[in-house]
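Chains as they are written, first to last, in our numbering: chain W, 254 to 649; chain G, 953 to 1058; chain P, 245 to 410.
Contents: one structure, followed by commentary.
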Amino acid sequence: MATSPFFTHFDQIFILLRDWLVGYLPAAMRPAAGVVLGVIAIVCVFPGLFALTTVFERKGLGRIQNRLGPNRVGPYGLFQPVADGIKAIIKEDIVPFSANAVVHFLAPLSLVVAVFMEFAVLPMGRNMVLIDMDAGLLFFFSMSVSTELSVFMAGWSSRNKYSLLGAMRAVAQMISYEVVLLLSSVSVVMIAGSLSLPKIVEAQNSYTGIFPHWYIFTPWGLAGFVMYAIAATAETNRSPFDLPEGESELVAGYHTEYSGFKFALFFLGEYLAMFSISGLGTTLFLGGWSAPFSFLTFIPSWIWFFSKVMLSIFVFIWMRGTLPRLRQDQLMNFAWKFCLPFTLLNLIVTALWRFMGEGWLRWVVCTAILAVAYVFMGRVGTRSEHFGPRRYRYAE
Amino acid sequence: MGVTTPLAGYLLVAALLFAIGLAGALVRRNAILVLIGIELMLNAANLNLIAFWRFGPHPEALTGMMFAIFSIAVAAAEAAVGLGLVISIYRHTNTTDLDKMNRMKG
Amino acid sequence: MNAVFYLLAALTLAGGLAAVLLKHLVHCALATTVAFAGLALLFLQLDAQFAGFAQILVYIGAVAILIVFAILLTRGSELPKDGVFSRTWFVGLVIAAGVFAILGWAVLESVRAVPQQTAVPAVTVRDIGNALVGRYVLPLEIVALLLTAATIGAVIVAMHEKERPR
Chain W
254 MATSPFFTHF DQIFILLRDW LVGYLPAAMR PAAGVVLGVI AIVCVFPGLF ALTTVFERKG
314 LGRIQNRLGP NRVGPYGLFQ PVADGIKAII KEDIVPFSAN AVVHFLAPLS LVVAVFMEFA
374 VLPMGRNMVL IDMDAGLLFF FSMSVSTELS VFMAGWSSRN KYSLLGAMRA VAQMISYEVV
434 LLLSSVSVVM IAGSLSLPKI VEAQNSYTGI FPHWYIFTPW GLAGFVMYAI AATAETNRSP
494 FDLPEGESEL VAGYHTEYSG FKFALFFLGE YLAMFSISGL GTTLFLGGWS APFSFLTFIP
554 SWIWFFSKVM LSIFVFIWMR GTLPRLRQDQ LMNFAWKFCL PFTLLNLIVT ALWRFMGEGW
614 LRWVVCTAIL AVAYVFMGRV GTRSEHFGPR RYRYAE
Chain G
953 MGVTTPLAGY LLVAALLFAI GLAGALVRRN AILVLIGIEL MLNAANLNLI AFWRFGPHPE
1013 ALTGMMFAIF SIAVAAAEAA VGLGLVISIY RHTNTTDLDK MNRMKG
Chain P
245 MNAVFYLLAA LTLAGGLAAV LLKHLVHCAL ATTVAFAGLA LLFLQLDAQF AGFAQILVYI
305 GAVAILIVFA ILLTRGSELP KDGVFSRTWF VGLVIAAGVF AILGWAVLES VRAVPQQTAV
365 PAVTVRDIGN ALVGRYVLPL EIVALLLTAA TIGAVIVAMH EKERPR
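Here you go:
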């Protein structure tokens, strides 16, 4: 049933639409026009999702904090992004007098450009990747590190202590967790045998019985996914790693001196980075556009991809509302002393998985190694005598 | 200057970038700019390697690209150590001005 | 020799020139980043995708940030009183010009000996991976050792010295 023409056409509806539109042009221009249409689609869809996510976040955080979110503009506050957008556009664009005008202007631009480029390699559905690059994963990470320099440019050019501190903290945090992000993706590359993201999804698109072969359902995949999720939260400066932009700490960190549309661009860049890193996480570990059970493959692949991405965004919002913020030294210690050794061990476990051959033995061995390592490094290794039961001293 | 082949174009760009990096390393006072000059020179050499790999006789042997990738890794390591040295010297002498560092006495 | 090559070459050389001529150190660091980006695009123009993306990842993502942090930690934001060019700047310029003259002459003289436009090499990442653990495994291991030594060395060199108890 899932392969009947109706469902295949519904699955490929955007590809068919693109081919029909491009068919009006001469043959020489068709590939370029197809790519341009894809770019237009990405530039329209993801900022639209960003608008939806801002409402989602404010309502969700409000509910977690036992209050209603915004509920004035439109039904259940759903038109709030329109109001926010109008506010951002009509606000005065203030540039501090002693700020470096050129760098101050270029910082949000380079951030948003780098983040938009990341979407070019994500496979959003069957055959729905904008550019199928041989080294697609490497391209994604190259664009991701370019955002770090934009953050620094923003913080330094504002000529403001708080901005500079926020920028330096943000860059240090992003560099540390970038290593963890890269290494946890390397284990997926090892098993899938390719750096090309559509091929990684293809490798996960098979089913035993009704269960899918997603990498998260393997021991190394689960450990890798957890490390990836932690590193992704730190990369996008989301709570509990949002010290660089914590309002109670640093005014607004590196985007203190930005107002109006440039601030909106930073906001857009941060949320788009969240989308693209969630997209990469679903591609690498959650099977990309493949359906969770083999009897559900009639639902289009792009619906699965976007559902998984929105689920990840929901988890981000949930974490923001629930967990307290980590201090800078705590998060750096966590990255270098726990996440990095655990991710390296995960690489070894992945290699063991690959070379042990099929069977129940590899499941037991890999799970045992990872569980023992987690207990030792995570629980026993970080136990310290400073944090015993709380003792109270009262004024006499 | 009749540049007739693409390879010659890339080699000239690399040579010019190398000269700019060399000038930067020799002309500026600040120690960090010397390191920037060194990085530019290494990058120019990488461009040379990749250009020769592309237009050379056996690109499928991947020699040029491998050499360039290892060169990128080594340059990053050398930048880290060099900048660590600059920071350490700054902590000791409170300056990064190379014209002032003309004595061996610490 | 198309327009894209000229544009990228101009971008890279402009970035390099700005990096050595500008007064403010952070501007120089950002101009260096532009030069690195231009070079990465030139690598992509030369069909070396892996080298191009590795260039962005390593140089812009690590070396440029290292440079910027070093500038911040050594108070590079303040302009020096005696000017930014060293006392012996003219000699340096002459040497650099001489080096460029020699290299340029060598390139132009040997134009006849190099091959004309060749076909695009069909190189996949899989080939690079095979080469790295096949033919080039010894350099790979040595580079790993070198990077470890450099990391440990950089940390030790830049570490605060512990105050000796008197």
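For every residue, glycine included, the Cβ atom is placed at its ideal position computed from N, Cα and C.
Going by beta carbons, P:VAL401 and G:GLY1036 fall inside the 8 Å limit. Chain order gives no chain W residues near P:LEU266, where near means a beta carbon separation below 7 Å; the closest approach is about 12 Å. Counting C-beta pairs with one atom in each stretch, the stretch 510–524 of chain W and the stretch 357–368 of chain W have three or more that are closer than 8 Å, which means they touch. With respect to the 8 Å criterion, G:GLY1016 and G:LEU999 are not classified as neighbours on the basis of their beta carbons. Within chain P, the residues placing a beta-carbon under 7 Å from that of W:PHE392 are PHE297, ordered along the chain. For the stretch 393–404 of chain W, the set of residues with a beta-carbon nearer than 7 Å to any beta-carbon of chain P comprises PHE394, SER395, VAL398, SER399, GLU401 and LEU402, in chain order. Taking the Cα positions, W:LEU537 is about 20 Å away from W:LEU623. The stretch 249–303 of chain P contains, as complete alpha helix (DSSP H) runs of 4+ residues, the segments 269–289 and 293–299 (chain order). DSSP lists W:TYR460 as the beta-bridge partner residues of W:PRO465. At least one beta carbon of chain W lies nearer than 8 Å to the beta carbon of P:THR277.
W:VAL439 has a beta carbon lying at 8 Å or more from every beta carbon in chain P. W:ASN319 carries a coil assignment under DSSP once its states are collapsed to helix, strand and coil. G:ASN982 carries a strand assignment under DSSP once its states are collapsed to helix, strand and coil. For P:TYR380, no alpha helix (DSSP H) segment is defined, and its DSSP state is neither H nor E. For W:PHE567, the enclosing alpha helix (DSSP H) stretches over residues 554–575. One Cα belongs to W:LEU302, the other to W:LEU278, and the distance between them is close to 30 Å.
Listed along chain W, the residues sitting closer than 7 Å to P:THR368 by beta-carbon distance are ASP387. Its Cα nearest to that of G:LEU1050, the residue G:ARG980 stands out among G:ARG980, G:LEU964, G:ALA960 and G:LEU963. Within its own chain, the residues whose Cβ lies closer than 7 Å to the Cβ of W:ARG283, once the five positions on either side in sequence are excluded, are VAL275, listed in chain order. Contact note: P:ILE304 reaches chain W through VAL398, SER399 and LEU402, using a C-beta cutoff of 7 Å and chain order.
According to the DSSP assignment, W:GLU431 belongs to the alpha helix (DSSP H) that extends over 414–445. Against P:LEU301, the close residues of chain W are LEU391, PHE394, SER395 and VAL398, in the order they occur along the chain (beta-carbon pairs closer than 8 Å).
Counting along the chain, W:ASP582 sits inside the alpha helix (DSSP H) bounded by residues 581–586. For a cut-off of 8 Å, the C-beta gap from W:PHE392 to W:MET386 is around 6 Å, short enough to register as a contact. Distance between W:LEU584 and W:PRO497, taken at the CA atoms: about 12 Å. Closer than 8 Å to the CB of G:ALA997 there is not a single CB belonging to chain P. Pairing P:ALA398 with G:VAL1033 gives a Cβ-Cβ distance under 8 Å. Around the Cβ of W:PHE464, a 10 Å sphere holds fewer than 16 other Cβ atoms; the residue is exposed. Residue contact check for G:MET1018 against chain P: a CB pair falls below 8 Å. Three or more Cβ pairs closer than 8 Å define a contact, and the stretch 559–576 of chain W meets that threshold against the stretch 305–312 of chain W. Given a length threshold of 3 residues, the stretch 480–526 of chain W has no whole run of the beta strand (DSSP E) inside it. Taken through DSSP and simplified to helix, strand or coil, P:ASP371 comes out as helix. In this structure, G:ALA1003 is the residue among G:ILE990, G:ALA1003 and G:ALA1031 with its C-alpha nearest to the C-alpha of P:THR362.
Judged by DSSP secondary structure, G:MET1018 falls within the alpha helix (DSSP H) whose first and last residues are 1015–1045. With a cut-off of 8 Å on Cβ pairs, the stretch 335–351 of chain P is in contact with the stretch 963–981 of chain G, counting three or more such pairs.
The beta-carbon distance between P:LEU283 and P:THR318, rounded to whole angstroms, is 26 Å. This is too long to meet the 8 Å contact definition.
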